[in-house]
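Participant:
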Amino acid sequence: MLAYLAKRLGYYVVLLAVAVFLSYVLSSLALSPRGYFEGRQPPPPAGSVEAQLSALGINDHTPLMDRFGTWASHALRGDFGRTIDSGSVEEEFGRRVGVSLRLLLAGTVLGTVTGVLLGAWGAVRQYRLSDRAVTLFAFLLLSTPTFLLAVLLKLGAMKVNQAAGGELIAFTGEKTPGLTGSATTLLGDRAVHLLLPTLSIALGTAAAYSRYQRGTMLDVLGSDFLRTARAKGLTHRAAVLKHGLRTALVPMSTFFAYGFLALFTGAAFTEKIFGWHGMGSWFIDAVGKSDVNSVVAVNVFAAVMVLLSGFLADVLHAALDPRVRTR
Amino acid sequence: MTTTAATPSAPVTPVTAGEPTEERPPGRTRVALRRFAANPNAVVGAGVLLLLFLLAFAGPHLTRWSHTDIDYGALRQAPSAAHWWGTNRIGQDVYAQVLHGLQKSLLIGLLVALFATVLASVVGACAGYFGGWTDRIVTFCIDLLLVFPAFLIIAIVSPRLRDTGWLAFVGLLAVFGWMITARVVRSMTRSLKERDFVRAAQLMGVHPLRIVFRHILPNVSSFLIVDATIAVGGAVMSETGLSYFGFGVQPPDVSLGTLIADGSGAALTYPWMFFFAAGLLVVFVLAVNFLGDGLRDALDPTSAQHRRRRRRRKGGRA
Chain A
130 MLAYLAKRLG YYVVLLAVAV FLSYVLSSLA LSPRGYFEGR QPPPPAGSVE
180 AQLSALGIND HTPLMDRFGT WASHALRGDF GRTIDSGSVE EEFGRRVGVS
230 LRLLLAGTVL GTVTGVLLGA WGAVRQYRLS DRAVTLFAFL LLSTPTFLLA
280 VLLKLGAMKV NQAAGGELIA FTGEKTPGLT GSATTLLGDR AVHLLLPTLS
330 IALGTAAAYS RYQRGTMLDV LGSDFLRTAR AKGLTHRAAV LKHGLRTALV
380 PMSTFFAYGF LALFTGAAFT EKIFGWHGMG SWFIDAVGKS DVNSVVAVNV
430 FAAVMVLLSG FLADVLHAAL DPRVRTR
Chain B
130 MTTTAATPSA PVTPVTAGEP TEERPPGRTR VALRRFAANP NAVVGAGVLL
180 LLFLLAFAGP HLTRWSHTDI DYGALRQAPS AAHWWGTNRI GQDVYAQVLH
230 GLQKSLLIGL LVALFATVLA SVVGACAGYF GGWTDRIVTF CIDLLLVFPA
280 FLIIAIVSPR LRDTGWLAFV GLLAVFGWMI TARVVRSMTR SLKERDFVRA
330 AQLMGVHPLR IVFRHILPNV SSFLIVDATI AVGGAVMSET GLSYFGFGVQ
380 PPDVSLGTLI ADGSGAALTY PWMFFFAAGL LVVFVLAVNF LGDGLRDALD
430 PTSAQHRRRR RRRKGGRA
């Protein structure tokens with residue numbers, strides 16, 4: 130198993146290197162920081178624009194490969210350069226990464242677990258009323274883009290707040306600014322703020338996973354080995370949980386890796402809509418400012434996260450499927 | 130797959146090279162149509178889609194307003210006889226705008242799904258059939274494109290697309306939408322390659338590309354049809370998401386995404402500015418998903434047979 134995982138890891142490192150290179154080239158070619166500086170009011174002198182661009186390492190008069198070489202040699206030592214406002218990319222990164230990870234982690238865990246359980250449950254109760262209700266609801270959620278879901282949740286919260294006559298569900302930012310009180314008050318405040326953004330990510334994820342899980346579970350439920358398990362005296366529940374669910378989870382580990390892509394995009398939208406200062410909203414703002422170094426940093430973060438979840442999926446696959454381990 | 134022959138009512142294996150000569154067993158299309166018609170969700174989905182297309186392409190001709198007209202005498206007006214779905218904050222007719230946006234979103238969704246599916250089927254089938262280095266290179270490209278959320282790349286490139294218009298946007302969405310389909314086609318091709326009819330074609334000296342196009346692709350067509358249908362919904366969702374944040378369709382052109390973005394701020398006070406666009410978006414994607422699900426059941430003999438088997442057993446237990 131270790132040899133298999135090491136091989137996958139090596140492949141992912143190569144993928145990461147090529148992906149980072151491509152994203153640097155693409156960002157440098159597509160964004161024009163020169164235009165950003167020249168468009169300032171009052172227009173700065175040409176020499177100062179040139180000096181600023183060179184200082185940031187994003188001067189388009191330097192050959193692209195030289196720029197990438199300088200950036201990469203710094204990046205390998207953990208220095209991702211400066212943002213277009215001359216702040217440190219790593220500091221900005223440090224401020225924001227926690228925000229995004231909290232949102233992503235809560236959304237993923239909640240969405241995946243709910244989705245898998247709902248899907249498995251729906252498969253066991255195929256065509257009954259509860260299965261139909263879950264299916265219909267899942268379809269409805271799958272047909273609502275994350276950004277629309279976030280906007281709708283926000284509107285719903287505003288309506289509730291109007292009806293309640295106060296801030297019952299707070300949804301802007303991570304916490305109420307200037308709120309003081311005991312640790313539990315502060316923690317509770319953060320939890321309330323976390324509610325809607327997490328929901329907007331988790332609901333879509335849960336809907337998608339429930340559909341996949343229902344499909345794989347249905348395949349497994351009709352299989353011979355489950356009948357054998359029942360025949361040797363296992364209860365229906367034990368057979369389904371021990372032999373059915375575990376087997377049905379194997380193909381799901383692949384979806385887990387792909388699912389992260391959609392999740393990251395959804396999180397970017399959600400952060401922007403709920404006013405969270407995470408990686409996603411940083412990225413959207415950075416594109417607006419032609420901030421090449423920040424854009425590349427978010428790309429690297431996304432690529433690392435996707436490959437990590439891919440690797441995690443491989444580990445999960447190896448743990449669940451004994452055939453992989455002997456390969 | 131092996132159980133296909135066991136049930137008499139299962140259709141003949143998906144179309145192979147020759148056309149069936151005898152008349153007695155119902156053809157694949159008839160079987161599929163009958164199964165499709167028996168599925169209420171799918172029929173409703175297809176009907177709703179048809180209505181939406183009619184609305185998007187014939188609807189704008191029913192009103193005298195176009196999506197760019199401004200009625201200075203009617204700002205933020207609720208739906209009325211003059212403006213069926215009301216007006217927005219600068220006096221544009223919401224009905225005309227939403228239908229134009231729907232039209233654009235539909236076109237983008239259809240084109241993206243078409244391009245992505247064609248790309249995925251050709252690349253996936255070639256990788257699976259030829260194997261070796263072709264396969265390795267294609268797999269690497271697929272993995273590479275999967276590393277980045279498409280949203281990031283499209284957002285980065287979007288400032289360059291302001292001048293080229295929405296067709297370039299369609300191309301970008303398609304380039305980032307084919308990978309997973311291609312993977313499935315590749316693995317299906319690898320198992321089809323071992324089948325006798327492909328072997329026979331190889332031994333007869335049929336050109337490899339001809340085998341791919343005439344023997345492999347028709348055999349994965351039911352998967353491709355279903356996948357393309359679902360992809361339309363996915364493409365519309367990506368498009369509206371990107372347009373919502375200003376990375377997609379650019380003003381003065383409108384799509385459902387830009388309309389939702391414009392209306393969401395005033396949604397509680399002036400609901401008509403927001404809910405017509407949002408509602409049509411959800412209804413459209415929902416109809417596409419129902420249609421895709423129904424098509425899967427109708428076209429894929431294994432899935433339908435599987436369900437029948439389960440149902441019969443359940444009947445026996447009860």
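So the protein lines, in turn, are chains A and B. According to our numbering, the stretch in the first sequence is residues 130 to 456, in order. According to our numbering, the stretch in the second sequence is residues 130 to 447, in order. In this text, a Cβ means the ideal position worked out from N, Cα and C, and glycines have one as well. Since we're looking at a predicted model, the values are computed, not measured.
#1: By Cβ distance below 8 angstroms, which residues in the same chain neighbour G351(A) in space, the five residues on each side in sequence not counted?
#2: I'd like to know whether the C-beta atoms of S372(B) and G386(B) end up nearer to each other than 7 angstroms.
#3: Does DSSP put T216(B) in a helix, a strand or coil?
#4: Verify whether the separation of the beta carbon atoms of S382(A) and L445(A) is less than 7 angstroms.
#5: Just grab the DSSP bridge partners of S217(A) for me.
#6: According to DSSP, D222(B) sits in a beta bridge with which residue or residues?
#7: For L178(B), which residues in the same chain have their Cβ closer than 8 angstroms to its Cβ, ignoring the five residues on either side in sequence?
#8: As a quick exercise: from L277(A), A335(A), D450(A), pick the residue whose alpha carbon is nearest that of A407(B).
#9: For chain A, find out if any of its Cβ atoms is closer than 7 angstroms to the Cβ of F326(B); answer yes or no.
#10: In chain A, which residues lie less than 8 angstroms from Y399(B) when you measure between Cβ atoms?
#11: Using a threshold of 7 angstroms, state whether the C-beta atoms of F403(B) and G392(B) are closer than that.
#12: Using beta-carbon positions only, say whether F423(A) and V178(A) come within less than 7 angstroms of one another.
#13: Which residue from F384(A), F430(A), H372(A) puts its Cα closest to that of A397(A)?
#14: For a cutoff of 7 angstroms on Cβ pairs, would you count A433(B) as touching chain A?
#15: Can you list, in chain order, the residues of its chain with a C-beta nearer than 8 angstroms to that of D450(A)? Leave out the 5 residues immediately preceding and following it.
#16: Using a cut-off of 7 angstroms between C-beta atoms, extract the partners of I298(A) located in chain B.
#17: Can a CB atom of chain A be found closer than 7 angstroms to the CB of N418(B)?
#18: Given that a residue counts as buried once 16 or more other Cβ atoms are within 10 Å of its Cβ, and exposed if not, what is A320(B)?
#19: Does the beta carbon of D292(B) come closer than 7 angstroms to any beta carbon on chain A?
#20: Verify whether the separation of the beta carbon atoms of L281(B) and M308(B) is less than 7 angstroms.
#21: Listed in chain order, which residues of the segment 421-436 of chain A have Cβ atoms closer than 8 angstroms to some Cβ of chain B?
#22: Output yes if chain B places a C-beta closer than 7 angstroms to the C-beta of A148(A); else output no.
#23: List, in order along the chain, the chain A residues whose C-beta lies closer than 7 angstroms to that of M366(B)?
#24: Once DSSP output is grouped into helix, strand and coil, what is the label at R261(A)?
#25: Is the segment 331-348 of chain A touching the segment 363-378 of chain A, taking contact as three or more C-beta pairs under 8 angstroms?
#26: Do we get a CB-CB distance below 7 angstroms when we pair G421(B) with the residues of chain A?
#27: Just checking my contact of D274(A) with G370(B) at CB under 8 angstroms: how many whole Å lie between their CB atoms?
#28: Across the segment 360-369 of chain A and the segment 433-442 of chain A, are there enough close Cβ pairs to call them in contact, namely three or more that are closer than 8 angstroms?
#29: Determine, for F370(B), whether the minimum Cβ-Cβ distance to residues of chain A falls below 7 angstroms.
#30: Any beta carbon of chain A sitting closer than 7 angstroms to that of Y224(B)?
#31: Using the C-alpha atoms, what's the distance from A286(A) back to G295(A)?
#32: Return no unless some Cβ of chain B is closer than 7 angstroms to the Cβ of M381(A).
#33: Tell me which residues of the segment 170-192 of chain B have at least one Cβ-Cβ distance to chain A shorter than 8 angstroms, keeping chain order.
#34: Name, please, each residue of chain A whose Cβ falls closer than 7 angstroms to the Cβ of Y373(B).
#35: Chain A partners of P278(B), CB-CB under 7 angstroms?
#36: Going by the CB atoms, is the gap between T199(A) and G186(A) shorter than 7 angstroms?
Facilitator: Result, derived from the coordinates:
#1: Answer for G351(A): no residue qualifies.
#2: Pairing S372(B) with G386(B) gives a Cβ-Cβ distance under 7 angstroms.
#3: DSSP places T216(B) in strand when its eight states are reduced to three.
#4: Result yes, Cβ atoms of S382(A) and L445(A) sit closer than 7 angstroms.
#5: Paired residues: R211(A).
#6: According to DSSP, residue pairing for D222(B) in a beta bridge involves T216(B).
#7: Around L178(B): F413, A416, V417, L420.
#8: Here the closest residue by C-alpha is L277(A).
#9: Cβ-Cβ to chain A under 7 angstroms: no for F326(B).
#10: Within chain A, no residue has its beta carbon less than 8 angstroms from that of Y399(B); the closest one is some 12 angstroms off.
#11: Result yes, Cβ atoms of F403(B) and G392(B) sit closer than 7 angstroms.
#12: According to the sequence displayed, residue 423(A) carries Ser and not Phe. It is not a contact, given that the beta carbons lie outside the stated cut-off.
#13: The residue with the shortest Cα to Cα distance from A397(A) is F430(A).
#14: Any reading at A433(B) needs caution, since the residue's pLDDT is 45, under 50, leaving its predicted position unreliable; the model's value is listed next. False, the Cβ-Cβ gap to chain A never drops below 7 angstroms.
#15: Contacts found: V379.
#16: The contacting residues do not exist; I298(A) stays about 14 angstroms from chain B at best.
#17: For N418(B), the answer is yes, since a Cβ of chain A falls inside 7 angstroms of its Cβ.
#18: The sequence shown places Ser at residue 320(B), not Ala. When all chains shown are included, S320(B) counts as exposed.
#19: Interface with chain A (7 angstroms Cβ-Cβ cutoff): D292(B) is excluded.
#20: It is not a contact, given that the beta carbons lie outside the stated cut-off.
#21: Of all residues in the segment 421-436 of chain A, only V424, V427, N428, A431, A432, V435, L436 come within less than 8 angstroms of chain B when Cβ atoms are compared, listed by chain position.
#22: Yes, contact with chain B.
#23: The contacting residues are P274.
#24: R261(A) falls in the helix class under three-state DSSP.
#25: With a cut-off of 8 angstroms, the segment 363-378 of chain A and the segment 331-348 of chain A count as touching, because enough Cβ pairs lie within range.
#26: Taking CB atoms only, G421(B) has no neighbour in chain A less than 7 angstroms away.
#27: For the record, residue 274(A) in the displayed sequence is Pro; it is not Asp. Indeed they touch by this definition, with Cβ atoms about 5 angstroms apart.
#28: Verdict: no, contact absent.
#29: Here residue 370(B) turns out to be Gly, not Phe, going by the sequence shown. Interface residue, yes.
#30: Closer than 7 angstroms: no.
#31: If I take the Cα positions, the gap works out to 11 angstroms.
#32: No, M381(A) does not count as interfacial toward chain B.
#33: Per Cβ criterion, the list is empty.
#34: Using a Cβ-Cβ cut-off of 7 angstroms, Y373(B) is close to F276 of chain A, given in chain order.
#35: Per Cβ cutoff of 7 angstroms: L390, F393, T394, A431.
#36: Taking 7 angstroms as the Cβ cut-off, G186(A) and T199(A) qualify as a contacting pair.
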